[in-house]
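What follows is a single structure, written as structure tokens, with notes after it.
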Amino acid sequence: MSEERFKTRYWIKIVFLNFMVVSLAGLLMRYKINFSIPVIDQKNLMQGHAHFAFIGWITMALIVLLVHYLIQHQVNTNYQKYHLILAAHLMVAYAMLISFTLEGYGALSIILSTATILLSYLFIYFYLKDLKKVPGRLKSKKWFKAALLLWAFSSLGPFSLAYLMACHVSNQDLYVLSIYMYLHFQYNGWFLFAILGCLFGFIEKQTNNLGVCSLESRADFWGIQLFKWMVITVIPSYFLSTLWLNLPRVIVWLANLTALLQIGVIICVIQWVRKLPTKIWSPLKPQIRMFWLFGLTALIIKIALQSLSVIPYFTHYAFGFRPIVIGYLHLVFIGILSFFIMGALLNLPIISQIRYKKSGLVLFITGFILQEIILMLQGFEAFNQTNMPRASILLFYCAIFMVSGLAMIAHGLFYGRPIKKIPVVSMKVIYKPKG
-3 MSEERFKTRY WIKIVFLNFM VVSLAGLLMR YKINFSIPVI DQKNLMQGHA
47 HFAFIGWITM ALIVLLVHYL IQHQVNTNYQ KYHLILAAHL MVAYAMLISF
97 TLEGYGALSI ILSTATILLS YLFIYFYLKD LKKVPGRLKS KKWFKAALLL
147 WAFSSLGPFS LAYLMACHVS NQDLYVLSIY MYLHFQYNGW FLFAILGCLF
197 GFIEKQTNNL GVCSLESRAD FWGIQLFKWM VITVIPSYFL STLWLNLPRV
247 IVWLANLTAL LQIGVIICVI QWVRKLPTKI WSPLKPQIRM FWLFGLTALI
297 IKIALQSLSV IPYFTHYAFG FRPIVIGYLH LVFIGILSFF IMGALLNLPI
347 ISQIRYKKSG LVLFITGFIL QEIILMLQGF EAFNQTNMPR ASILLFYCAI
397 FMVSGLAMIA HGLFYGRPIK KIPVVSMKVI YKPKG
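Mapping the sequence shown onto the numbering used here, position 229 (from 1) lands on 225, and the numbers just tick up by one.
Dropping the structure here:
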């Protein structure tokens, strides 16, 4: 009944359509780099692309997954409020895509950005109340609580930015710090904690279905440690994004210490995955396992790269060379967040029985991997001062791969037929004794 009231399948289709729009905007940006489109400002298009990706794809997809978590645990609440919050997010996301593309950081764009913050407060308030109704001391609940609190905390970035603009502060470093604060607690806070909460929720469901006692599992210890280490490092790791500034020595030492602590996060991730019983993953389709394997690998690479940024030799390149910055952002946004979310959405029972072309998944992943390789090779230009020939046109082709793959997946979700299960006929031999 809750599933019917919330219309999970409808919203999954909407967020995948939004992901298509994000990828098309990225393709348009790549096209403009190679071919002239005078009527479009590249910087404004990038702002529209980024804001729509945050609100229209990642945030809305996570809201759908979090609400489905309540449905899965049979929480009795008015799901209509989440329907309305998602509808408001959808309208604001498309309005932001248009406004930022046309005017950049203009008055309308700022008003719409403020509206998304107010909507986030509304969702956080309602969801934390409903989360209390989920029975048991589940680890996934802790991840979701932390994610929502970090989401609220990230809004300090835009509000501090508004304060600086209102007071006409001329120090540009403060403006950049405010933007980085918002990005950090979105990427490494709300987004990352939420997808790990979804992953823990899946494992809890599997342990219950398969009769695996999580308290006796060797993975349980590492799962607890992973949460603790992530909570400890999430705030001080913000300073890893500020090393390009002339910071006080105390802040620099704190950033260096955080880089060392993040090695502990990598160890926890690896040990946690290694210790999980293999039969937990067995019910997953191969493509879902592939998405999550790529996501976990990208998470480890991301943490390692973030820790390396404290080394002065790498600091200059990490923050000053555009291909490296773009490659890192796409590693997080696509390699970690989007892969995890796509796997989680396609694994939901209401979607998992719909036919969609597996070749679309392969095409999308191939385009992403090739894109990261090209950006990495471009990054090496900073070290040996040699240019990679035709890099921009190759990245344009990678974007075509990714858009085509997503289009094939979206087509399956909208028009695919349910997978027909072949009924198993039981043949019984009835023996009737003579006489």
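Glycine residues also receive a C-beta, built at the ideal position from the N, C-alpha and C atoms.
Exercise for the section: Just mark Tyr159 as buried or exposed, buried being the case when its beta carbon has 16 or more other beta carbons within 10 Å. Expected result: In the sequence shown, the residue the question calls residue 159 occupies position 163. That one is exposed.
Handout entry: Spatial distance of Ile266 from Val63 (CA atoms)
Key = Counting from one through the sequence shown, the residue named residue 266 turns up at place 270. Counting from one through the sequence shown, the residue named residue 63 turns up at place 67. Approximately 29 Å between the Cα atoms of the pair.
Problem - Lys298 classed as buried or exposed, judged by whether at least 16 other C-beta atoms fall within 10 angstroms - result: On the sequence shown, position 302 is the one that residue 298 refers to. Buried is the call here.
Practice task
Mind the definition here: the region 271 to 286 touches the region 227 to 236 only if three or more C-beta pairs lie below 8 Å; say whether that holds.
Solution key: no
Handout entry: Spatially closest choice to Asn343 from Ile396, Asn252, Trp288, by CA coordinates
Key = Here residue 343 corresponds to residue number 347 of the sequence shown, with the count starting at 1. When only C-alpha atoms are compared, the closest one is Trp288.
Practice task
Pick helix, strand or coil for Ile67, following the three-state DSSP scheme.
Solution key: Sequence index remark: in the sequence shown, residue 67 carries index 71 (1-based). In this structure, Ile67 counts as helix in the three-state DSSP scheme.
Exercise for the section: Give the range of the alpha helix (DSSP H) segment to which Phe223 is assigned. Expected result: Numbered from 1 along the sequence shown, position 227 holds the residue referred to as residue 223. Element bounds for Phe223: 214 to 230.
Exercise for the section: Would you tell me roughly how many angstroms separate the C-alpha atoms of Ile120 and Ile330, rounded to the nearest one? Expected result: The sequence position of residue 120 within the sequence shown is 124, counting from 1. The sequence position of residue 330 within the sequence shown is 334, counting from 1. C-alpha separation (whole angstroms): 25 Å.
Problem - Spatial neighbours of Phe96 in its chain, beta-carbon cut-off 7 Å, leaving aside the 5 residues before and after - result: Translated into the one-based positions of the sequence shown, residue 96 becomes position 100. The answer, listed in chain order, is Asn40, Gln43, Gly44, His47, Ser105.
Practice task
Report yes if the CB atom of Ile113 is closer than 7 Å to the CB atom of Ser151, and no otherwise.
Solution key: Position 117 of the sequence shown holds residue 113. Position 155 of the sequence shown holds residue 151. In contact: Ile113 and Ser151 (Cβ atoms closer than 7 Å).
Problem - Close-in-space but distant-in-sequence residues of the same chain around Gly323 (CB under 7 Å, 5 per side omitted) - result: Within the sequence shown, residue 323 is the residue found at index 327, counting from 1. These residues qualify, in order along the chain: Glu368, Leu371, Met372, Gly375.
Exercise for the section: Please report how far the alpha carbon of Leu66 lies from the alpha carbon of Val11, in whole angstroms. Expected result: The sequence position of residue 66 within the sequence shown is 70, counting from 1. The sequence position of residue 11 within the sequence shown is 15, counting from 1. The alpha-carbon separation between Leu66 and Val11 amounts to approximately 19 Å.
Handout entry: Arg434 (DSSP reduced to helix, strand or coil)
Key = What the structure shows of the chain is the stretch from -3 to 431, and residue 434 is not part of that stretch, so it cannot be assessed.
Practice task
Could you spell out where the alpha helix (DSSP H) holding Thr112 opens and where it closes?
Solution key: Start at 1 with the first residue of the sequence shown, and residue 112 comes out as number 116. That run of the alpha helix (DSSP H) goes 103 to 127.
Exercise for the section: Tell me whether Leu211 is buried or exposed, calling it buried when 16 or more other Cβ atoms sit within 10 Å of its Cβ. Expected result: For the purposes of this step, residue 211 is taken as residue 215 along the sequence shown, with counting starting at 1. Residue confidence for Leu211 is low, a pLDDT of 46 falling below 50, so the modelled location carries little weight; the figure read from the coordinates is stated next. The residue is exposed, with fewer than 16 neighbouring Cβ atoms inside 10 Å.
Handout entry: Nearest to Ile220 (by Cα), restricted to the options Val172, Lys137, Asn167
Key = By 1-based counting over the sequence shown, the position of residue 220 is 224. Among Val172, Lys137, Asn167, the Cα nearest to that of Ile220 belongs to Lys137.
Problem - Close beta carbons around Met161, own chain, < 7 Å, minus the five adjacent residues each side - result: Numbered from 1 along the sequence shown, position 165 holds the residue referred to as residue 161. Same-chain partners within the cutoff: there are none.
Exercise for the section: With a threshold of 16 other CB atoms inside 10 Å of the CB of Ala251, please say whether the residue is buried or exposed. Expected result: Position 255 of the sequence shown, counting from 1, holds the residue named residue 251. It is buried - the Cβ of Ala251 has at least 16 other Cβ atoms within 10 Å.
Problem - Buried versus exposed, by CB contacts within 10 Å (16 or more), Asn205 - result: Looking up residue 205 in the sequence shown gives position 209. The residue is exposed, with fewer than 16 neighbouring Cβ atoms inside 10 Å.
Handout entry: Contact check, Ala142 vs Leu58, beta carbons under 7 Å
Key = Locating residue 142 in the sequence shown gives position 146, counting from the first residue. Locating residue 58 in the sequence shown gives position 62, counting from the first residue. No. Outside cutoff.
Handout entry: Where Ile260 sits in the DSSP three-state scheme
Key = Within the sequence shown, numbered from 1, the residue matching residue 260 stands at position 264. For the record, residue 260 in the displayed sequence is Gly; it is not Ile. It is helical.
Handout entry: Buried or exposed (CB count within 10 angstroms, at least 16 for buried), Thr4
Key = Here the question's residue 4 lines up with position 8 in the sequence shown. That one is buried.
Problem - Sequence-distant residues of its chain with Cβ nearer than 6 Å to Leu366 (five each side left out) - result: For the purposes of this step, residue 366 is taken as the residue at position 370 of the sequence shown. Cys394.
Handout entry: Among Ala255, Lys271, Phe50, Gly197, nearest to Leu93 - alpha-carbon criterion
Key = Translated into the one-based positions of the sequence shown, residue 93 becomes position 97. Checking every option, the nearest Cα to that of Leu93 belongs to Phe50.
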